[in-house]
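Quick note on our numbering: the sequence shown kicks off at 6 and runs consecutively.
Using N, Cα and C, we set each Cβ at its ideal position, and we do this for glycine too.
Have a look at the structure below, then the notes.
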Amino acid sequence: MTGAELKSLRIKKGLTQEMLAQLSGVPLGSIGRIEAAKNDDIKKEKVVSALKSVLMSETYAGRPQNASKEIESNQTSIPMYNFPTAASAIEIYNDPNDVKVIGHLNIPGSTRDSFALPVYGHSMYPTLENGSWCVLRPINDVQDILWGEIYYVEWGDYRMFKRILVSEKEDEVILWSDNQLEKIRDKPKYAPVNVKKERIRRLCLLTDILKKPNY
């Protein structure tokens, strides 16, 4: 497949180069060079394969301006937001006005209020890999937690993906990291965190994982 053909597929898909870069994990500059048919990049078969896996998939969809209303009415098309969520604790530094939808995912059976966020970090490895996308369903009541499942959690000044476990204290939950192999002075790098339920501002259940292509 030539660079021109990849560009044509991208445009038909309704994706910008920036969207394609975030979905595929391929650097933005490389996409530009590939579409311009520069030999140094077009020969990288694994990179081209990663781009094709996104462009040929029915799961990923852009958001053409003239089709926004149609997409919004489609219950299986969920928005993909551009800000990364840490698989470990990270301060919320984004200006809400900077958060934007960069594309859509076509996920059969998803709810109308579902959405997708990218993963940053390694504390939930190997369950969640850096660069993967997570499909999330908002949970309105913290009492409805399914113990042992992975959630997107906003509490205090932080947001993160964590597995939620039962705490010995009824008014708390344990935020558990799957990556227990990394150590600092023989202690887990990603230690469990106890958080009071009342401090949780937002809670979303992880319902699907779209892993970053290997290239």
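message: Contact criterion: CB-CB distance below 7 Å. Does K167 meet it with respect to chain C?
response: Included in the structure is just one protein chain, with no chain C present.
Distance, L11 Cα to R38 Cα: Numbered from its first residue, the sequence shown carries residue 38 at position 33. Numbered from its first residue, the sequence shown carries residue 11 at position 6. Whole-angstrom Cα-Cα distance: 11 Å.
task: Could you tell me if V171 is buried or exposed, where buried requires 16 or more neighbouring beta carbons within 10 angstroms of its beta carbon?
output: Here the question's residue 171 lines up with position 166 in the sequence shown. The residue is exposed, with fewer than 16 neighbouring Cβ atoms inside 10 Å.
query: In the structure shown, what three-state DSSP assignment does I36 receive?
result: Counting from one through the sequence shown, the residue named residue 36 turns up at place 31. DSSP places I36 in helix when its eight states are reduced to three.
task: Out of Q185, Y157, K202 and N184, state which residue places its alpha-carbon closest to the alpha-carbon of P123.
output: Your numbering for residue 123 matches position 118 in the sequence shown. Ranking the options by Cα distance to P123, first place goes to Y157.
- prompt: Hey, I169 and E154 are a contact pair by Cβ (cut 8 Å); roughly how many whole angstroms apart?
  reply: Position 164 of the sequence shown, counted from the first residue, corresponds to residue 169. Position 149 of the sequence shown, counted from the first residue, corresponds to residue 154. Rounded, the Cβ-Cβ distance is 7 Å, consistent with contact.
query: Where R142 and P131 are concerned, what is the direct C-alpha to C-alpha distance, given to the nearest angstrom?
result: Working through the sequence shown from its first residue, we reach residue 142 at position 137. Working through the sequence shown from its first residue, we reach residue 131 at position 126. So the two alpha carbons sit approximately 21 Å from each other.
Environment of I221 [buried if 16+ CB atoms lie within 10 Å]: Residue numbering for the chain in the displayed model covers 6 to 220; residue 221 lies beyond these limits and cannot be assessed.
- prompt: Can you give the Cα-Cα distance for T116 and F166, rounded to whole angstroms?
  reply: Position 111 of the sequence shown, counting from 1, holds the residue named residue 116. Position 161 of the sequence shown, counting from 1, holds the residue named residue 166. Their backbone Cα atoms lie some 20 Å apart in a straight line.
message: Considering only their Cβ atoms, is the gap separating S137 from N111 smaller than 7 Å?
response: The residue labelled residue 111 in the question sits at position 106 within the sequence shown. The residue labelled residue 137 in the question sits at position 132 within the sequence shown. The answer is no: Cβ separation not under 7 Å.
message: Quick check on M85: does DSSP put it in helix, strand or coil?
response: Along the sequence shown, read from residue 1 onward, the residue named residue 85 stands at position 80. Correct three-state label for M85: strand.
query: With respect to the alpha helix (DSSP H) encompassing I214, which residues constitute its N-terminal and C-terminal limits?
result: On the sequence shown, position 209 is the one that residue 214 refers to. From DSSP, I214 is part of no alpha helix (DSSP H) but of the beta strand (DSSP E) over I205 to L215.
message: Please list the terminal residues of the continuous alpha helix (DSSP H) segment that includes M24.
response: To locate residue 24, count along the sequence shown from 1; it is residue 19. Q22 to S29 is the extent of the alpha helix (DSSP H) around M24.
task: Using only alpha-carbon positions, find the residue among S29, K192, R206 and L133 that is nearest to D146.
output: Residue mapping note: residue 146 aligns to position 141 of the sequence shown, counting from 1. When only C-alpha atoms are compared, the closest one is R206.
- prompt: At which residues does the alpha helix (DSSP H) containing G8 begin and terminate?
  reply: Translated into positions along the sequence shown, residue 8 becomes position 3. From DSSP, the alpha helix (DSSP H) with G8 extends over G8 to K18.
task: Return helix, strand or coil for A121, following the three-state DSSP convention.
output: For the purposes of this step, residue 121 is taken as residue 116 along the sequence shown, with counting starting at 1. Residue state, collapsed to three classes: strand.
task: Leaving aside the five residues before and after P197 along the sequence, list all residues of the same chain whose C-beta is less than 8 Å from its C-beta, in chain order.
output: Mapped onto the sequence shown, residue 197 falls at position 192. Only L170, I179, L180, W181 and S182 meet the Cβ criterion.
- prompt: Which stretch, first to last residue, makes up the beta strand (DSSP E) that contains H109?
  reply: Within the sequence shown, numbered from 1, the residue matching residue 109 stands at position 104. Element bounds for H109: V106 to N111.
query: So, are the CB atoms of Q22 and I36 less than 7 Å apart?
result: By 1-based counting over the sequence shown, the position of residue 22 is 17. By 1-based counting over the sequence shown, the position of residue 36 is 31. The answer is yes: Cβ separation under 7 Å.
query: Leaving out the 5 sequence neighbours to the left and right, which residues in its chain are closer than 8 Å to R204 when beta-carbon positions are compared?
result: By one-based count along the sequence shown, residue 204 stands at place 199. Hits under 8 Å: W160 and G161.
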